[in-house]
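Down below is the structure, laid out as structure tokens.
Number of protein chains: 2
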Amino acid sequence: MQVVVPFDPQSPKTRLAGVLDPTERKRFARAMLRDVLDAITATGMAPTVLSTATLDIDAETRLDERPLTSAVNAALEDAGSTPVAVVMADLALATPAALSELFETEDDIVLARGIGGGTNALVARHPDFRVDYHGASYRDHHAVADAVGASTAEIDSYRLGMDIDEPEDLAELLLHGDGHAARWLRTAGVRLVEEQGRVSVGREPIPVTTTAESDAADD
Amino acid sequence: MQVVVPFDPQSPKTRLAGVLDPTERKRFARAMLRDVLDAITATGMAPTVLSTATLDIDAETRLDERPLTSAVNAALEDAGSTPVAVVMADLALATPAALSELFETEDDIVLARGIGGGTNALVARHPDFRVDYHGASYRDHHAVADAVGASTAEIDSYRLGMDIDEPEDLAELLLHGDGHAARWLRTAGVRLVEEQGRVSVGREPIPVTTTAESDAADD
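Right, dumping it as structure tokens:
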């Protein structure tokens with residue numbers, strides 16, 4: 001099985017602009033990527049980063065400047081009859097256990113839903129399956145699987161379901177994460193704020209040298 | 001094992017006020033409760049509704065007017081050495097499979113996280129464990145379990161993690177639900193709205209007789 005992790009190192013995580021500046025967003029996205037690659041590697045698989053730009057990272061990298069859907073479909077086509085897993089680079093809560101269940105479920109198409117209708121991870125073992133990540137892709141991927149006559153399984157995982165895109169997602173990472181990205185956030189002064197209902201995040205004023213200027217947290 | 005489902009029939013789901021009026025919120029909360037009770041029953045367990053007011057429903061009901069935390073702790077105390085499961089009444093995406101994993105995991109304390117720091121479901125098999133649902137209860141429940149020397153397990157379930165509290169949660173129900181509550185929402189004209197990023201919901205103008213005035217959708 002090929003395990004592909006699409007990644008855009010250039011302007012990642014724009015929806016976090018209210019909490020992190022552009023340089024910080026790049027560092028944070030990179031820390032999440034490392035968590036995802038570590039979790040995949042811990043399952044025994046060797047991930048390939050499908051990057052829109054050159055990337056200095058200790059993992060196999062394939063350059064593809066096209067948008068996400070086109071790049072992933074090219075990877076599916078190139079793979080021929082080899083199964084392909086596609087795991088998003090912002091699943092910073094992913095664990096080896098959750099990913100193993102994804103990889104080991106033996107249907108033609110295995111889907112892990114993301115909050116808000118996305119498809120956070122999938123495995124494709126059918127030559128005619130193609131992705132379309134626009135809109136509510138989870139439903140669309142079910143429909144595509146049905147249309148090509150592929151059997152489908154769903155993975156019920158909170159850890160794979162929480163992609164980190166919006167400021168409130170940072171609370172999930174602070175609550176349940178213990179990897180590079182969670183440590184980076186804590187060092188950057190992002191803190192849980194408890195109010196009525198669900199927790200959110202705020203940011204403490206901290207010395208400049210411990211945040212954007214430094215890689216200290218990115219260890 | 002006792003399976004307790006706390007429920008407030010009087011003024012439920014106030015955070016949905018932007019989408020549903022008070023009468024609709026009561027009907028919707030009731031439809032979600034039915035989904036939760038159905039899923040529990042399908043695991044072979046017999047749920048008890050722990051209700052703050054009298055309730056006409058086809059399930060065993062125990063009246064306790066106290067706030068959630070006090071009522072659940074009284075149930076834990078009364079149970080003595082009998083294991084107790086506590087399942088929130090708004091887990092309209094819960095499946096028998098996800099609940100079976102919760103019930104069958106054999107640690108002293110088994111926790112299913114909810115989005116935003118909550119504890120959506122738990123099993124307690126330790127006489128000294130007590131709940132506190134205020135704030136980020138998931139962390140607090142871990143700490144309580146540690147303090148009383150109880151072993152703890154986490155359930156990794158998206159379906160148990162999505163309690164339906166906020167308008168954006170309705171999108172999850174429309175995307176992934178097929179029970180009473182999802183049907184009620186669809187009949188009430190609540191629809192998915194696809195924009196950039198995550199899907200949200202909107203509401204169609206529909207004839208009055210098919211919504212709050214009628215129980216037709218609540219079947």
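If you're matching them up, the sequences are chains H and F in order. The numbers in the working numbering rise by one with no breaks, and the one at position 144 of the first sequence is 144. The numbers in the working numbering rise by one with no breaks, and the one at position 208 of the second sequence is 208. Positions of the beta carbon are idealized from the N, C-alpha and C atoms, including for glycine. Treat the numbers as computed from the prediction; the structure is a model and nothing was measured.
CA-to-CA, the gap between residue 48 of chain H and residue 88 of chain H works out to about 12 Å. Look at the beta carbons and you see the segment 88-101 of chain H not touching the segment 145-153 of chain H: under three pairs across the two are nearer than 8 Å. Close CB contacts of residue 174 of chain H within its chain, under the 8 Å cut and outside five residues either way in sequence, are with 182, 185, 186, 190, 191, 192, 201 (chain order). Comparing C-alpha distances from residue 39 of chain H to each of H/27, H/58, H/91 shows the shortest one belongs to H/91. Within the segment 107-119 of chain H, the residues whose Cβ lies closer than 9 Å to any Cβ of chain F are, in chain order, 112, 113, 114, 115, 116, 117, 118. Under the DSSP assignment, residue 41 of chain F falls in the alpha helix (DSSP H) whose first and last residues are 22-42. DSSP, reduced to helix, strand and coil, places residue 153 of chain F within a strand of the structure shown.
The beta carbon of residue 7 of chain H sits closer than 6 Å to the beta carbons of 33, 49, 51, 89 from its chain, once the five residues preceding and following it are set aside; these are given in chain order.
Nearest neighbour of residue 128 of chain H by Cα position, chosen from H/156, H/149, H/12, turns out to be H/149.
Contacts with chain F at 7 Å (Cβ-Cβ) do not include residue 133 of chain H. For residue 62 of chain H, the closest of H/3, H/17, H/30, H/45 by C-alpha to C-alpha distance is H/3. As the crow flies, the alpha-carbon of residue 96 of chain F is around 46 Å from that of residue 205 of chain H.
Not one beta carbon of chain F lies nearer than 7 Å to the beta carbon of residue 29 of chain H.
Burial of residue 43 of chain F is indicated by the presence of at least 16 other C-beta atoms within 10 angstroms of its C-beta. Under a criterion of Cβ atoms nearer than 9 Å, the residues of chain F adjacent to residue 194 of chain H are, in order, 117, 134, 135, 136. When C-alpha distances from residue 9 of chain H are compared across H/31, H/194, H/113, H/70, the shortest belongs to H/31.
In this structure, the beta-carbon distance from residue 156 of chain H to residue 158 of chain F falls below 7 Å. Here DSSP, grouped into helix, strand and coil, assigns residue 11 of chain H to coil. Residue-level contact by beta carbon fails for residue 169 of chain F and chain H, as no gap is shorter than 7 Å.
In terms of Cα proximity to residue 66 of chain H, the closest of H/160, H/75, H/58, H/55 is H/75. Beta-carbon to beta-carbon, residue 125 of chain H and residue 83 of chain H are separated by about 4 Å, close enough to satisfy the 8 Å threshold. Put simply, the CB of residue 84 of chain F is far from chain H, with every gap to its CB atoms at 7 Å or more. In its chain, beyond the 5 residues on either side, 19, 188, 189, 190, 191 have a beta carbon closer than 8 Å to the beta carbon of residue 203 of chain F. Taking a Cβ-Cβ threshold of 8 Å, the residues of chain H close to residue 157 of chain F are 156, 157, 158, in chain order. Contact between residue 112 of chain F and residue 160 of chain F holds, with the beta-carbon distance rounding to 4 Å and staying under 8 Å. Nearest to residue 176 of chain F by C-alpha distance, out of H/164, H/195, H/114, is H/114.
Chain F places no beta carbon closer than 7 Å to that of residue 177 of chain H, leaving this residue out of the contacts. In the structure shown, residue 93 of chain F adopts coil according to DSSP, grouped into three states. In this structure, DSSP gives residue 70 of chain F a helical state, which the three-state scheme calls helix. Annotation: residue 172 of chain F to residue 70 of chain H spans about 27 Å, alpha carbon to alpha carbon. From the listed residues H/198, H/194, H/164, H/179, the smallest Cα separation to residue 15 of chain H is found for H/164. Of the other Cβ atoms in all chains shown, 16 or more fall within 10 Å of the Cβ of residue 117 of chain H; this residue is therefore buried. A direct Cα-to-Cα measurement between residue 5 of chain F and residue 72 of chain F gives close to 9 Å. Distances from the CA of residue 94 of chain F to each of F/197, F/196, F/35 were compared; the closest alpha carbon is that of F/35. With a contact defined as Cβ atoms closer than 8 Å, residue 86 of chain F and residue 46 of chain F miss out at about 15 Å. Secondary structure at residue 49 of chain H: strand, using DSSP grouped into helix, strand and coil.
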